[in-house]
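Participant:
There are 2 protein chains.
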Amino acid sequence: MDKAILGIDLGGTFVKTAILSTDGKLLAKHEEPTQAIDGLDAVLDVICVASQKVISSAGLANSDIAACGIGAPGPLDWRSGIVFTLTNLPGWKDVPLGAIMSDRLGIPCYLENDANAACYGEFWRGAGQGARNMCLLTLGTGLGGGVVVEGALLRGPDGTAGEIGHMIVERNGRPCGCGAQGCLETYGSVTGLVRTAREGLEGGEASALRERCDGDWDKLTGVMVSEAAEAGDAFAHEVIRTTGEWLGLGIANLLNLFNPEKVVLAGGMIKAGETLFQPIRETATRTALDVPAARAEIVPAGLGENAGVIGAAGCAWERFSQG
Amino acid sequence: MDKAILGIDLGGTFVKTAILSTDGKLLAKHEEPTQAIDGLDAVLDVICVASQKVISSAGLANSDIAACGIGAPGPLDWRSGIVFTLTNLPGWKDVPLGAIMSDRLGIPCYLENDANAACYGEFWRGAGQGARNMCLLTLGTGLGGGVVVEGALLRGPDGTAGEIGHMIVERNGRPCGCGAQGCLETYGSVTGLVRTAREGLEGGEASALRERCDGDWDKLTGVMVSEAAEAGDAFAHEVIRTTGEWLGLGIANLLNLFNPEKVVLAGGMIKAGETLFQPIRETATRTALDVPAARAEIVPAGLGENAGVIGAAGCAWERFSQG
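Residue numbers (my numbering), protein chains in the order written: chain W, -3 to 319; chain H, -3 to 319.
1) Use the C-beta contact count for residue 227 of chain H: other C-beta atoms within 10 angstroms, 16 or more gives buried, fewer gives exposed.
2) Do residue 294 of chain H and residue 315 of chain H count as a contact pair if the criterion is CB distance below 7 Å?
3) When we look at the beta-carbon of residue 119 of chain W and count the other beta-carbons within 10 Å, is it buried (16 or more) or exposed?
4) How would you list, in chain order, the residues of chain W whose beta-carbon sits under 8 Å from the beta-carbon of residue 14 of chain H?
5) What are the boundary residues of the beta strand (DSSP E) that residue 17 of chain W is part of?
6) In whole angstroms, give me the CA-to-CA distance for residue 212 of chain W and residue 112 of chain W.
7) Would you say the stretch 303 to 315 of chain H touches the stretch -2 to 16 of chain H, given that touching needs at least three Cβ pairs under 8 Å?
8) Quick one: give me the first and last residue of the beta strand (DSSP E) that residue 134 of chain W is part of.
9) Give every residue of the same chain whose Cβ lies closer than 7 Å to the Cβ of residue 97 of chain H, excluding the five residues on either side of it in the sequence, and list them in chain order.
10) For a test of the three-state rule: what should DSSP assign to residue 103 of chain H, helix, strand or coil?
11) Going by DSSP, what residues sit across from residue 171 of chain W in a beta bridge?
12) Mark residue 47 of chain H as exposed unless 16 or more other C-beta atoms lie within 10 angstroms of its C-beta, in which case mark it buried.
13) Please return the same chain residues whose Cβ sits closer than 7 Å to the Cβ of residue 283 of chain W, not counting the five positions on each side in sequence.
14) Using DSSP's beta-bridge definition, name the partner residues of residue 66 of chain W.
15) Please list, in chain order, all residues of the same chain as residue 20 of chain W whose beta carbon is under 6 Å from its beta carbon, the five residues on each side excluded.
16) Do you know whose CA, among W/87, W/81, W/70, lies nearest residue 36 of chain W's CA?
17) If the cut-off is 7 Å on Cβ atoms, which residues from the stretch 268 to 301 of chain W count as contacting chain H, listed in chain order?
18) Please state if the CB of residue 287 of chain H and the CB of residue 154 of chain W are separated by a distance shorter than 7 Å.
19) Return the residues of the stretch 246 to 261 of chain H that lie within a Cβ-Cβ distance of less than 8 Å from chain W, sorted by chain order.
20) Going along the stretch 140 to 152 of chain H in order, which residues come within less than 8 Å of chain W, judged by CB to CB distance?
21) 7 Å is my cut-off, CB to CB: does residue 237 of chain W come that close to chain H?
22) For residue 154 of chain W, which of helix, strand or coil comes out of DSSP?
23) Could you check where the beta strand (DSSP E) with residue 141 of chain W kicks off and where it finishes?
24) Are there 16 or more other CB atoms within 10 angstroms of the CB of residue 142 of chain W, so buried, or fewer, so exposed?
25) Whose CA, out of W/176, W/11, W/186, W/22, lies closest to the CA of residue 138 of chain W?
26) Kindly indicate which residue of W/241, W/218, W/182 has the alpha-carbon position closest to the one of residue 268 of chain W.
27) Which same chain residues end up closer than 7 Å to residue 103 of chain H when comparing Cβ atoms and leaving out the 5 residues on each side of it in sequence?
28) In angstroms, rounded to a whole number, what distance separates the CA positions of residue 9 of chain W and residue 82 of chain W?
29) Considering residue 261 of chain W, what are the terminal residues of the alpha helix (DSSP H) in which it resides?
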C-alpha cells in the first residue's frame, strides 16, 4: 500500500496525533494529555505513545509512515529541528526534537512552528483549498497568523515570517505584549475584543454585560460578549463590529501586500459569524486597493482543531517529497 | 559570444534602455524623450528607436539579445503583457505591449510593473545582493514598493502584491489618494514629509523654511526641508526625524511579516542620509520582534536611476530562463 504521514501537534495541554494519506485524507487521530509538568523526558514519552497509538489505530506499522511533522509553539528552528524553548513546558531548552523523534520513531521527522502548521493545514485541506496565496489569522487569546505564497509557507531566514498579529495599525495605540504599541493583536484578538468591551462599559455604555459579570470587569470574556450580542445586546454587537473593523483594516493591509486569493479566519471568535465577518469584509474591501480587494475571499476556517495536526503532516510531506 | 539582455524603462518623460550581460553587467545605456503627448504609435516608435540605439551602441544585433524586459507604471498584466492604461500617457488602453515589442524587435519581450522591476534590480545587482528576501521602498512623490521572497518577486495572482505604500499604520490618519486613511505613503513619502513640515509651520514652529518659501506653503518642497536640515535648522531636522519614525514603523511591520535579510530604501529622499536612516533604523529595531529586527539590514539603494532598467532586464532573463 501507499505510505502514510504522521502529524503531531505538541501543545501545552494535549499532544494530538493523526495519520493522513499522502493526498491529505485523515485516516486516524488521537490525543494524550501532555503532562507538561513532568518535564522533558515525560513529554517525549507522551509524544511517542500518542504516535504509536494513532499508527496502530490506523492499522499501520512505523515502516508504513513516510514522514512525520511536528508542530510546536516554539521559538524553534524549523530547519535544524531544534526547539529553543516552549512556553508552558518546563525543562525544554535547545531540544533537538526533530532528531530525537526521528530516532525514536524510526521515521524522518520535520519540525514546524504551530501557527505555520495550522496555516498550511487550512491551505492544503481546509478553507484555503484552491488558493495559491493565502493568509491565515487565528483569533484567540493572541492573534496568530501564517502566510502561503505561491503554494509555499512564507518563513523567512529565521522562520519568523507571517507575524500578522504584530502588524501595527495604530501608531500610538494599545500597548502590546511584544513591547510595541497598536499591534493588530491588541484590537483583533479575543483579548482585544474584551478590552474594547471593558473600555465601553467603564465609559458608561448600557449593556446586559454589566450583570453578566456582576460589575467585575475582570470576569468579562469573549464568549460573554458573543452571547450577549446574540441575545440582542446592542453594545455587545457594537463591540464585535468594532473588532471586525480593526480586523478588516489589518486584512486590507494583507490584501495590498500579498494579493492573496483567500484570507482564512480561525479561532474561537469566528463563532460570532456574520456579526463579525460582515464588518471585516466591508472594511477590508473598502480600504484595500480595488484589484486585490476584488480578488480576495475572506472565509472561516474549515478544519477547526485539526488544522495544526493536519498541517504538520502536510508540511512534513512537502519537505520529504522535495528531498 | 553569449547572448545579452535588453532592459526598457518606460516612463512618462523618458524611455530608458540598457544592455546587460546575462550575469547582470551593464554594457550600454541610452535614453530618449518619451513624447507621450504624441500618442501611442509615436511612443511605440520611441521605444523601438531607443532599443535599436542601445543595441547598436553595445556593438550588437537584435539576434544577440536573448530576452527583453519592459518596466511600465501600469496598471498592467505582467503575464499576458497587456498594459491596461498608463498614467500621463494618453491613448494607452489595453495595449498588448509585450506582443507588439516582441514582434517589432524580434526578441521575446516580458512586461513588468515598474516598481517590481526596480525592486528586482536592487535585489539582483544593487543593495539587495546577498539577500534571499528583500523589501524595497521607493520614497518619492508617492511611496512605491516591492518584495522579493526566496529569490522571486512577490506578485500575487493579479500582480498587485507589494503595495507597501498602502499599508495603513494609523487607523484614522491622513487621507490617501487611494481612498483609505493613514497609509504609510501619507507620512513616509516626500509628499508626506512636506505635509508634516507644512503642518508644523502652520502651527507656528520657528524655522528658516518660512523665508525659503516666502510664507507660501505651496512652494514648500522636500529638497527645501532637506537643505534646511543640513544647514542646521532644528525644525527641518525634526520633520525628517518624524518621517523616519513613520517609515521605521512601516518597516517594522515588514520585518514581522517577511523576516527579510534586507530592506532597501530608494528615491530622492535618501539623500538626507543618516538624518533619515537613524530614526528609521532605531524605530524599526525597537518596534519589530527581536529575531527579525536582528536579522534585517536597512540600507540605501545602490543603483539609483538605473534600478528600473536593470531590473526589467533581470526579470526578463529570469522568466526567459525558466521557459
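Cβ coordinates follow ideal geometry from the N, Cα and C atoms, glycine included.
Facilitator: Considering the structure as presented:
1) exposed
2) no
3) buried
4) The contacting residues do not exist; residue 14 of chain H stays about 29 Å from chain W at best.
5) 10 to 17
6) 37 Å
7) yes
8) 130 to 135
9) Short of 7 Å from the beta carbon of residue 97 of chain H, and not among the five residues preceding or following it, lie these beta carbons of its own chain, in chain order: 43, 64, 66, 105.
10) Here residue 103 of chain H carries a coil assignment [DSSP, helix/strand/coil].
11) W/177
12) buried
13) 244, 245, 248
14) W/4, W/107
15) 120, 121
16) Nearest C-alpha to residue 36 of chain W: W/87.
17) 283, 285, 287, 288, 291
18) yes
19) 248, 249, 252, 253, 254, 255, 256, 257
20) 143, 145, 146, 148, 150, 151, 152
21) no
22) coil
23) 139 to 145
24) By the 10 Å Cβ count, residue 142 of chain W comes out buried.
25) W/186
26) W/218
27) 2, 58, 61, 63, 64
28) In a straight line, the C-alpha of residue 9 of chain W is about 12 Å away from that of residue 82 of chain W.
29) Residue 261 of chain W -> not in any alpha helix (DSSP H); beta strand (DSSP E) instead, spanning 258 to 262.
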